[in-house]
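Working notes, beginning with the structure itself.
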Amino acid sequence: MKTLRLTALAGAIALVLAGCSSTSLDQQPAGAGAGATATPTSVSGSGTSGLNGGANAAGAGLNPLTDPHNILSHQSIYFEFNKSVIPDNEIAIVSAHARFLVDNPTRTVRIEGNTDERGTAEYNLALGQRRADAVRSRLELLGVPASRIESVSYGKEHPRALCHEEKCWAENRRADIVYTN
-9 MKTLRLTALA GAIALVLAGC SSTSLDQQPA GAGAGATATP TSVSGSGTSG
41 LNGGANAAGA GLNPLTDPHN ILSHQSIYFE FNKSVIPDNE IAIVSAHARF
91 LVDNPTRTVR IEGNTDERGT AEYNLALGQR RADAVRSRLE LLGVPASRIE
141 SVSYGKEHPR ALCHEEKCWA ENRRADIVYT N
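Laid out in structure tokens, this is it:
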């Protein structure tokens, strides 16, 4: 129980820090287009609820899930070899998605667990499911209703990187957060 409280506290702190870190981005992205540099526009109605720093001109009017300056554009949670515990450096991403889902009650997600190619198909399906369930549990812990989260495992069947070395295997050990509506 004490570990659960500490984990929840760490997640809350990471969420606050993630929100603070995005406020310092006030430069226009390269190649933003001619009309994008005129004046900052309001981000109201974008559904970000402040996740992109509010007055950030670079992210104004952009979808927070695709804006590269927004933590919500990171939709893959990476895992260590043979592990299904969310690493500390990935907690802020999961926390930001939880906040977005709480602030946008009509949105639903599918968590897709994946593994690298090593191991049997059966083992990798089970490991991928544990990874998806770990992300799902964290989202639920942070207030997202279970009815809005689906978790599935693809095991090693949906690799993102195809080479047979550690850099590719690391890219494939992930759970993807996919918005379904």
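First residue of the sequence shown? That's -9 in this note's numbering, and the numbers climb one at a time after it. Glycine included, each C-beta is placed from N, C-alpha and C at the ideal position.
- For the options Pro58, Ile139, Lys73 and Ala82, the alpha carbon positioned closest to that of Ser127 is the one of Ile139.
- Distance from Val92 to Val168 at the Cβ level is roughly 18 Å; contact not present, criterion being Cβ atoms closer than 8 Å.
- Fewer than three beta-carbon pairs drawn from the segment 149 to 158 and the segment 117 to 133 are found closer than 8 Å, and the two stretches are therefore not classed as touching.
- For the set Ile81, Tyr68 and His59, the Cα lying nearest the Cα of Ala165 is the one of Tyr68.
- In the structure shown, Ala151 falls within a coil segment according to DSSP collapsed to helix, strand and coil.
- CA-CA distance, Ala86 to Ala111, rounds to 32 Å.
- With respect to the 8 Å criterion, Arg121 and Ser74 are classified as neighbours on the basis of their beta carbons.
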